Amino acid sequence: MSKPETTPFRRLKPVPHTRVAFTEGFWADRMRVNRETTIPTQFQRLEEEGFIEVLDVDQPPKPLVRPINEYGLSMQMFFDSDFGKWIEAASYSLATHPDPGIEAKIDFLVEKLDHAQLADGYLNSWFIRRAPEKRWTNLRDWHEMYSMGHLVEGAVAYFEATGKRRFLDVMIRCVDHIASVFGREPGKRHGYDAHEEIELALVKLYRATGEARFLDLARYFIDERGAQNPHYFDEEVKEFPGGKPFNFGTYEYSQSHKPVREQDEVVGHAVRAMYLYSAMADLAAEDNDASLKAALDKLWRHLTSRQLYVTGGMGPAVENEGFTRSFDLPNETAYAETCAAVSLVFWGHRMAAIDLDGRFADHMELVLHNGALSGVSLGGDQYFYENPLESHGQHRRWRWHYCPCCPTNLARLLASLGGYVASHDDENIAVHLYAASTIEMKVAGRAVRLTQQTAYPWDGDIRLSIEAYAPVSATLWLRIPGWCRGATASVNGAPVDVDALTRKGYLGIRREWATGDEVRLHFDMPVEALHAHPDVGMDADRVALKRGPVLYCVEEADNAAPPQRMRLASGEAKAAYQPDLLGGVVTLEVPATVDQTGDWQDTLYRPKPAETVPGTITAIPYFAWANREPGGMLVWLRDGR
């Protein structure tokens, strides 16, 4: 076996989610819940909450479901985005598990959206029904193209799942309308939506249709963002006076403070930033744009070294739903919006497609198993918008939210998860995520199937079996997770030198692969106690427990005291699979001491510390917390070792 080449990768093609089947275990269970419970109940919530009524454009508008707030905004302005994301999630599910009832619900929404669309192609239910004279007058605040972008993504997904063109054609007309209004040509506005989304949607539309004008429009929006002298949003206020003041006061909020290629720190609203960076990665791949890739590398480094929670969540502040200063990572007040975690998966996946570097897939894996998955209950019908790392029992899941962007965002990620597992070209196959699954693709025109047998993430043993219609020469790239301190591998029983053949976090095995070949991987999975950077003052003298890709927390339901009164003690941590707990999870049993309160009575402060007694901490995976009775929860434990 020769050492793999180290030339940069360009445009590895993700294996479509329809060609990946999760056969059993962790992700198969969660995708089943998403398909059978989450997606159907979300449509019920859309009906119950009055969302679908907004599409009845022939009827006089009813009283607002979401009132106008102090900034002149209503969450109802963005309802179209939730239709788009739900259609996208449902379409991904249809593509692998046909369901006439779900398909009929999509067609029902498409009929209403088609009927609502104006003759010139404009489609936004709020402005069509309530304020037609105000359309395109406030890109800074009103999310018109953001909502249209989500509808575009839904239309592409539905077309690819069913072959039906109606919704796709509706959204092509809408995009052509956008292009008639915005651009650098004479008579057009040099604007862009403050909430990024249309950019990555346009790349999807281009890839689905092959129409270069959609990629051109995405390129315009990305290149124009942050242009100065004048700044478009300043000119917009002059052209359309009478609007509300800019409540955020800085264009860092929308990543429009400078041109994108000059940005080197993640700032502002976290979801907007992740959507922008995802679109930049798409365009970098399409254009082989080294300047975009260089900016993205700097932004990735800044995010992951200064702004990311240990769960993979991001954005500590409720005020801007986003970033503040470096190392500002409070626990109990963490915002860490589910949508932000989901969109980091989008960005990481795109980066892995243009640069096979394990750091991108490592964070994709981290978020999937922790900061994103925590956003939905084990039952699949209750949610978190915010994902704190500490609670005293006040944080509970909800059936729906005042601004319900997160449930449908998470549903579409889970429904399409197969598309994040592997990628390939005619000479390479890369496996990014490990799960019991089958992966089908063509390499150099030859059909290849990989079968993964594993209990991952609970176990670090993975068996990959190859079936090939005819022998095929390729490099099989297998990610060696960044958390792994010891990995072994073999091909057909012969050991592989993992260190010698690993490039940027991927073990590369070059050979002619044939049916019957088998690769075995083993990743050591000890329990680790992680320490935070010294500048993260909130976590000083504390540790977080992690095993493999799964981060742990301590919940009061499993322990004899609130976790805030417990302190890690010296001794061995034991991991054990509990099939009857929280749907089947590995728990950790860790030696601890527990502060006693019995002799404090009415005393609040005293010179003598609390008495302690030996005890044991039981820790559960962070994604599974808040699925039982209310109580305390803690990720960062006091370290008494």
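Residue numbers (this note's numbering): 1 to 641.
For every residue, glycine included, the Cβ atom is placed at its ideal position computed from N, Cα and C.
If you're wondering where the values come from, they're calculated on a predicted model, not measured in any experiment.
Exposed or buried, which one is Ala-644 when buried takes at least 16 other CB atoms within 10 Å? The question about residue 644 has no answer, for the chain in this structure spans 1 to 641.
By Cβ distance below 7 Å, which residues in the same chain neighbour Thr-6 in space, the five residues on each side in sequence not counted? In this predicted model, Thr-6 has a pLDDT of only 37, less than 50, meaning its place in the structure is not dependable; the value taken from the coordinates is given anyway. The residues are Arg-503.
Using the C-alpha atoms, what's the distance from Val-203 back to Val-448? 28 Å
Straight-line gap, Asn-627 to Leu-378 (C-alpha atoms, nearest Å): 7 Å
Considering only residues of the same chain and omitting the five flanking positions on each side of Trp-400, which have a CB-CB separation below 7 Å? Arg-45 and Glu-49
Starting from Gly-358, trace the alpha helix (DSSP H) in both directions and tell me its first and last residue. 358-369
Give the single residue among Met-314, Arg-359 and Val-33 whose Cα lies nearest to the Cα of Pro-650. This structure leaves residue 650 out entirely; the chain is present only between 1 and 641.
Please report the residue range of the beta strand (DSSP E) in which His-392 lies. 390-392
Are the Cβ atoms of Ala-95 and Ala-155 separated by less than 8 Å? no
Helix, strand or coil: which one does DSSP assign to Pro-8? For Pro-8, the predicted model reports a pLDDT of 46, less than 50, meaning its position is unreliable and no value from the coordinates is stated.
Excluding the five sequence neighbours on either side, which residues of its own chain have a C-beta within less than 6 Å of the C-beta of Gly-571, listed in chain order? Pro-591
Beta-carbon gap between Leu-139 and Tyr-92 smaller than 8 Å: Contact: no.
What residues in its chain sit with their C-beta under 7 Å from that of Leu-646, if we drop five residues either side in the sequence? Outside the shown range of the chain (1 to 641) lies residue 646, about which nothing can therefore be said.
Return the first residue and the last residue of the beta strand (DSSP E) that Tyr-506 is part of. 506-513
By DSSP, does Gly-348 sit in helix, in strand, or in coil? helix
Cutting at 8 Å between CB atoms, please list the residues of its own chain near Pro-8, excluding the five before and the five after it. Only weak support is given to the placement of Pro-8: the predicted model assigns it a pLDDT of 46, under 50, and the value that follows is read from those uncertain coordinates. Excluding residues within five positions, the ones whose Cβ falls inside 8 Å are Asp-355.
Can you find the residues in the same chain that come closer than 6 Å, C-beta to C-beta, to Thr-41, ignoring five residues on each side of it along the sequence? Asp-381
Alpha carbon to alpha carbon, how far is Arg-35 from Ser-416? 11 Å
Counted within 10 angstroms of its Cβ, other Cβ atoms place Lys-105 as buried (16 or more) or exposed: buried
Which residues DSSP lists as bridging Arg-520, in chain order: Arg-463 and Ser-490
Reference Asp-169, options Val-110, Leu-217 and Ala-131, closest by Cα: Val-110
List the endpoints of the continuous alpha helix (DSSP H) containing Val-181. Counting along the chain, the alpha helix (DSSP H) containing Val-181 begins and ends at 166-181.
Considering Cα atoms alone, identify which of His-363, Lys-574, Val-260 and Met-633 is closest to His-395. Met-633
Return the Cβ separation of Glu-337 and Glu-265 in integer angstroms, given the expectation that the two are a contact with Cβ distance under 8 Å. Actually they do not touch by this definition, with Cβ atoms about 19 Å apart.
In chain order, what residues of the same chain lie with their CB nearer than 8 Å to the CB of Gln-578, ignoring the 5 residues before and after it? Close CB contacts of Gln-578 within its chain, under the 8 Å cut and outside five residues either way in sequence, are with Gly-584, Val-585, Val-586 and Thr-587 (chain order).
If you drop the 5 nearest sequence neighbours on each side, which residues of the same chain put their C-beta closer than 6 Å to that of Met-525? Gly-460, Arg-547 and Gly-548
Roughly how many whole angstroms lie between the Cα atoms of Ala-295 and Pro-259? 10 Å
Tell me which same chain residues have a C-beta within less than 7 Å of the C-beta of Arg-565, skipping the five on either side of it? These residues qualify, in order along the chain: Val-594 and Asp-595.
Using only the alpha-carbon positions, how far apart do Pro-14 and Asn-69 sit? The alpha-carbon of Pro-14 is positioned some 42 Å away from that of Asn-69.
Less than 6 Å between C-beta atoms, sequence neighbours within five positions excluded: which residues of the same chain meet that for Arg-651? In the structure displayed, the chain extends from 1 to 641; residue 651 sits before or after that span and is not available.
Do Arg-446 and Ser-490 have their beta-carbon atoms positioned less than 8 Å apart in this structure? no
Whose C-alpha, out of Gly-312, Arg-173 and Leu-464, is nearest the C-alpha of Leu-389? Gly-312
Over the uninterrupted beta strand (DSSP E) stretch that includes Thr-454, give me the two end residues. Under the DSSP assignment, Thr-454 falls in the beta strand (DSSP E) whose first and last residues are 446-454.
Assuming Val-498 is part of the alpha helix (DSSP H), what are its boundary residues? 498-501
Cβ-Cβ distance between Ala-352 and Ala-361 below 8 Å: yes
Look at the alpha carbon of Ala-28 and the alpha carbon of Glu-332, and state the distance between them as a whole number of angstroms. 32 Å
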